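So for the sequence shown, the working numbering puts the first residue at 114; every next one is plus one. Okay, structure first, notes after.
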Amino acid sequence: MRYFVIRHFLSDLEQLTKKPANKYHSVRKDICSEFTPTQMPEEIVNKGMTIRYLEYEGTHIVLKTRIKNTAMKVGKSGGFRLIHVTIQHGERTTFLTVYPKKGKLGMNNISDQQLEQLIEEYETAFENNTLIEVDIDNELAIISNGE
């Protein structure tokens with residue numbers, strides 16, 4: 114499995130990790146502990162909640178996955194929410210956004226409008242081959258910046 118992000122996701126990571134006092138600084142490590150390079154698409158789909166299907170050369174499934182926040186010492190129900198797209202019969206997962214459920218920046222859900230904007234950014238980057246590849250074994254370090 115290869116992992117990619119859109120630019121919006123990188124902005125979310127930066128916002129969450131710039132102030133350790135917010136107790137979100139573990140977000141990179143926490144996401145990476147939930148995913149592995151050897152996972153099959155079915156495993157990733159089964160751990161998330163399906164939000165939408167996108168039709169391309171295979172079904173792209175938009176999912177919401179709960180991620181524990183080890184910095185706050187809360188489980189998955191009080192941790193992060195990761196919105197991502199997994200290609201059902203492919204070897205690619207793309208992270209669109211991540212947000213905390215609790216704390217100063219916590220929120221219950223993203224709006225339908227925000228979700229639409231994220232999907233549009235994903236579709237444009239996917240079609241233009243400008244998704245940013247990240248290393249799941251190295252706390253989401255950028256491998257290729259999509260240009």
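Note that beta-carbon positions come from the ideal geometry of N, C-alpha and C, so glycine has one too. Just so you know, these numbers come straight off a predicted model, no measurement behind them.
Open item on the list: Closest to Ala134 by C-alpha separation, out of Leu195, Leu253, Lys217, Asp248, would be which residue?
Closed with: Here the question's residue 134 lines up with position 21 in the sequence shown. Residue Lys217 holds the alpha-carbon nearest to the alpha-carbon of Ala134 among Leu195, Leu253, Lys217, Asp248.
Task: For Asp250 and Lys131, the rounded distance between their alpha carbons - done: Taking the first residue of the sequence shown as position 1, residue 131 is located at position 18. Taking the first residue of the sequence shown as position 1, residue 250 is located at position 137. Taking the straight line from one Cα to the other gives about 21 Å.
Task: Close beta carbons around Asp248, own chain, < 6 Å, minus the five adjacent residues each side - done: The residue given as residue 248 occupies position 135 in the sequence shown. The residues are Ala254, Ile256.
Task: Complete runs of the beta strand (DSSP E) confined to the stretch 157–224 [at least 3 residues] - done: 162–168, 172–180, 193–200, 205–213
Open item on the list: Once the 5 residues before and after Tyr152 are set aside, which same chain residues still bring their CB inside 8 Å of it?
Closed with: Working through the sequence shown from its first residue, we reach residue 152 at position 39. Just to set this straight, residue 152 is Gln in the shown sequence, not Tyr. Excluding sequence neighbours, Gln152 sits near Met114.
Task: Sub-9 Å separation of Leu209 and Val118 beta-carbons - done: In the sequence shown, residue 209 corresponds to position 96, counting from 1. In the sequence shown, residue 118 corresponds to position 5, counting from 1. The answer is yes: Cβ separation under 9 Å.
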